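See below for the structure under consideration.
Residue numbers (my numbering): 1446 to 2506.
The following block contains the structure:
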């Protein structure tokens, strides 16, 4: 392909001086029909032949010529155009930009232009403030820019405005009354008044993007160039160009006091987007289209003091109270934020998630990496996928170095070919944004590296070698995401996008690099306001740990002994927010260019290093997916006996998979402000893993079981990892559906049974159930903050300065969650897993394994809930600042009000302490956590439902209950919970899967499990031996050998006739 030649300016074209600024002079091209208001101000580039005036090249029509002055900045037009083409142009549709194209200038043009400028100074026709500034003779190029003037268009009007800051400054005080632009204008007006000059009046930029028309109308009253203010307001109201600019400013938001370095591209782009000009050409005929373009988008440099000047202004605005509105007599309705919603309404976030983007149903998929195989294999692989009735193929999540082998040089050949073949075989693609594996050129050139808790910078050579706090990495990851979205956002073969890959995997959520430290300091300043507030909230007078300023704060690491616990919790919350910010920026880009394609992320099992509920809600996932590797589950719990580990070595724990199905169903629901939403499995284990402590094969039949259990739990998709086992590199021992030589492995044979035998039997019933809203009888409340509270101060274990944590605690939060959930499943109950932020109305029973810090939203929900609630230990024990609650726990709120009790002491006894509790005449052993519970508060008493069997507290209360609220002050065993929760469920009139009144006498035991989806009832046997099935009445057995017994790793499925009636 021949590279297009550079446009050259014809030597005989005539120029007319139009305007100039500090850095450029703008000329118009004259034609034979041009009318010169001042003939003395025209310039001939070479000769004045009339025939050349009549032959203006087509590429010059509708253009102006911009020529560069000699300035200190000395940025060439070639660099300006390169920045414009690579950074600015991709952000906007072409029709929204004042375009600029490089053009070669004829010899002698600049010298003759300078002669004319000097002559104009003599005649007084050149503005006096521009005298002495001339064109740069060493610049060989000019810029052709879109002509937005109305010269020759008497039936049109031009309005011009500087949108400025369309979002509030990130450094503005929380109680600010003014936006950033208005605050700066008021400061400058005060300076003008002191000098005897007039005040400047202008609009508030936040009015321009307000949801209220009257706000926009108020702004247009102060815009110059258009007499028809009402029409201009209608044009700008909810204008897509303004909204896009606002969104981009939000994305490039690091412009506050703690923004990036002066030379960073992030800062340059942020400054540029806040100092551009909007040109609005309005035809007098309202039936004709309005032309709106953005100009003045040369990438600004933060060098030369500009970035420092911005920051000094910001500090001045804050320190002198200009944001607060206390230094001006201006009418508060024109510049203050108080009093109208439009100024503070955030319209720049991602569009809402939509169920329309994801086709519900039962879909099978596979993960495939064409780059890892010879090209001659690709087509036959895709043909086999089609023949296997797979629907989706995930690709690309580790292909950044292929897509962009050098910075700014893109090669989409592989992905283009992949999508072409997928389309040929009627398969749909799920494209992974490739940001989990930064290429080598990036890590060598940019400061993006991850730093672990030992202050070690991790090196290139694996994956996830980046910090989400790195400004450079954010902008580069957005660039590659944008390139992909622009190219494939409308491609019908692309069904959706996976953001990155396994955020936080390999302990990479919390990076201790200097970017993270800087952002953490800013985050803390926003949260606490003053350093005094932080010191007080964190109790830093203890051990004389007070900070003197936010600038000296470090993350909680490399300390001699235990750090302040609230500081550790803040670090977790901050690090979680960084993951969310990073992902949200990708989502905003994808929503812009791929509005009909779904967005998901592949979370992990047992991974709690960031808040998945908040992630789903703020990032706006259309569906949640996770990677299901069941044989890695048993290693998550140190308390499993050797017998249990042997029993579940090849099957996985019976409730571990279902727990995550319910969890990610709830995580998906968070995006829709519901208790459940669409979910699936993005990576399903098919054979031997490559990272477990022991590498063993699944029991025959388990891949089929895990697949069908996903669908039974309302899942929509199962994608298998991977199509073929790769024979080299880091994952060469990880099984696929096919062995590395191309033969079907055991996993593929099992999914063929699912595809050929199981799903055809179930399809009709499953399709009939799709439109139904599914809410379980029981809600189990899962809280990511509680995970951290238990880990930060577990009341047990030994502190490790090297690990910055306690080692070997007696109880962890996930232990409690699994035991409570397992007990509910053994009772055959339907269970949703939700966050404390999600609604609990409609549930017959709410189970809270532990909630040390009770959020306000949950307290409000609890106050309005009249059903049964069971709380586990440590609930309500801490304030939001990680202190003991006043008056001892539980903390102030509905739990304390409705259940009179107190916890006066906590012990964490070992198993050999022989601690226990007595319930219903039976003694149950307990260990790891034992509270001293008093079932009384303020002369009110509650019912003692369990007593201590421990020798030092024999007969003392261990659990309390009153009016449907229950509190267990110890670490309960599953057997105890089956008995206790069975009785509570009975009182709540809950039925089990078979329609029986819930009761502990219906305990399913350790390995048999049931699930119900619409009219289908599913049974799964995780045991190594056959299991006897309870009688299932009024049902037709669809899958299974008989209705009385289920084989090891077996499945039985009935269609309930009562559900059809």
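For each residue, glycine too, the CB sits at the ideal point set by N, CA and C. Remember, predicted model here, so these are calculated numbers, not experimental data.
I'd like to know whether the C-beta atoms of residue i and residue j end up nearer to each other than 8 Å.
i: residue 2463; j: residue 2480; result: no
i: residue 1884; j: residue 1845; result: yes
i: residue 2223; j: residue 2275; result: yes
i: residue 2131; j: residue 2180; result: yes
i: residue 2379; j: residue 2347; result: yes
i: residue 1944; j: residue 1876; result: no
i: residue 2104; j: residue 2079; result: no
i: residue 1919; j: residue 2027; result: yes
i: residue 2306; j: residue 2331; result: no
i: residue 2345; j: residue 2304; result: no
i: residue 2320; j: residue 2297; result: yes
i: residue 2309; j: residue 2322; result: no
i: residue 2427; j: residue 2443; result: yes
i: residue 2514; j: residue 1666; result: The chain is shown from 1446 up to 2506; residue 2514 falls before or after that span and cannot be answered.
i: residue 1727; j: residue 1680; result: yes
Whose C-alpha, out of the options, is nearest the C-alpha of residue i?
i: residue 1812; options: 1803, 2073, 1801 and 1840; result: 1840
i: residue 2435; options: 2283, 2221 and 2310; result: 2221
i: residue 2070; options: 1848, 2061, 1899 and 2077; result: 2061
i: residue 1534; options: 1468, 1924, 1516 and 2307; result: 1924
i: residue 1712; options: 1694, 1595 and 1723; result: 1694
i: residue 1632; options: 2343, 1762, 2455 and 1960; result: 1762
i: residue 2301; options: 2170, 1612, 1539 and 2337; result: 2337
i: residue 2453; options: 2492, 2442 and 2431; result: 2492
i: residue 2501; options: 2494, 2457, 2495 and 2466; result: 2457
i: residue 1837; options: 2432, 2080, 1820 and 1867; result: 1867
i: residue 2439; options: 1803, 2272 and 1949; result: 2272
i: residue 1654; options: 1626, 2327 and 1611; result: 1611
i: residue 2299; options: 2328, 1744 and 2287; result: 2328
i: residue 1688; options: 1650, 1673 and 1932; result: 1650
i: residue 2205; options: 1807, 1940, 2053 and 1690; result: 1807
i: residue 1461; options: 1475, 1453 and 1467; result: 1475
i: residue 1962; options: 1953, 1976, 1999 and 1972; result: 1999
i: residue 1465; options: 1455, 1511 and 1502; result: 1511
i: residue 1810; options: 1593, 2137 and 2197; result: 2197
In the DSSP assignment, what residue or residues form a beta bridge with residue i?
i: residue 2481; result: 2500
i: residue 2417; result: The partner list for residue 2417 (beta bridge, DSSP) is empty, contrary to what the question assumes.
i: residue 2391; result: 2404
i: residue 2136; result: DSSP output for residue 2136 lists no bridge partner at all.
i: residue 2163; result: 1809 and 2126
i: residue 1727; result: 1602
i: residue 2571; result: Since the first residue shown for the chain is 1446 and the last is 2506, residue 2571 is missing from the structure and cannot be characterised.
i: residue 1464; result: 1471
i: residue 1761; result: Beta-bridge pairing links residue 1761 to no other residue.
i: residue 1902; result: 1896
Under the assumption that residue i contacts residue j (Cβ atoms under 8 Å), give the Cβ distance between them as a whole number of angstroms.
i: residue 1769; j: residue 1621; result: 7 Å
i: residue 2249; j: residue 2001; result: 7 Å
i: residue 2314; j: residue 2293; result: 7 Å
i: residue 2129; j: residue 2073; result: 5 Å
i: residue 1505; j: residue 1472; result: Contact flag wrong, Cβ pair sits at about 11 Å.
i: residue 1922; j: residue 1958; result: Residue 1922 to residue 1958, Cβ: 16 Å. No contact.
i: residue 2114; j: residue 2161; result: With 8 Å as the limit, residue 2114 and residue 2161 do not qualify as a contact, their Cβ atoms being about 13 Å apart.
i: residue 2092; j: residue 2469; result: 6 Å
i: residue 1556; j: residue 1516; result: Wrong, their Cβ atoms sit about 18 Å apart, outside the cutoff.
i: residue 1591; j: residue 1738; result: 6 Å
**Message:** Please give me, in chain order, every unbroken run of the alpha helix (DSSP H) with length at least 4 that falls completely inside the region 1962 to 1988.
**Reply:** For the region 1962 to 1988, whole alpha helix (DSSP H) runs of length 4 or above, ordered along the chain, are 1976 to 1982.
**Request:** Identify every run of the alpha helix (DSSP H) within the region 2017 to 2099, keeping only runs that are complete inside it and at least 4 residues long; order them along the chain.
**Result:** Runs of the alpha helix (DSSP H) inside the region 2017 to 2099: 2057 to 2064 and 2087 to 2092.
**Request:** Output the residue ranges of the alpha helix (DSSP H) runs that lie fully inside the region 1859 to 1900 and measure 4 residues or longer, sorted by chain position.
**Result:** 1885 to 1890
**Message:** Going residue by residue through the region 1529 to 1563, where are the continuous alpha helix (DSSP H) segments of at least 4 residues, counting only ones entirely within it?
**Reply:** none
**Asked** Counting only runs that start and end within the region 2336 to 2389, where is the beta strand (DSSP E) found for 3 or more residues in a row?
**Response** 2347 to 2352, 2361 to 2364, 2367 to 2370 and 2375 to 2379
**Prompt:** Going along the chain, which unbroken runs of the alpha helix (DSSP H) with 4 or more residues stay wholly within the region 1604 to 1663?
**Reply:** 1625 to 1639 and 1650 to 1653
**Request:** Just list the beta strand (DSSP E) runs in the region 2221 to 2299, keeping only unbroken ones of 3 residues or longer that don't cross its boundaries, in chain order.
**Result:** 2223 to 2226, 2243 to 2245, 2250 to 2252, 2276 to 2279 and 2290 to 2293
**Request:** Tell me the start and end of each unbroken beta strand (DSSP E) in the region 2427 to 2470 that is at least 3 residues and wholly inside, in chain order.
**Result:** 2453 to 2458 and 2461 to 2466
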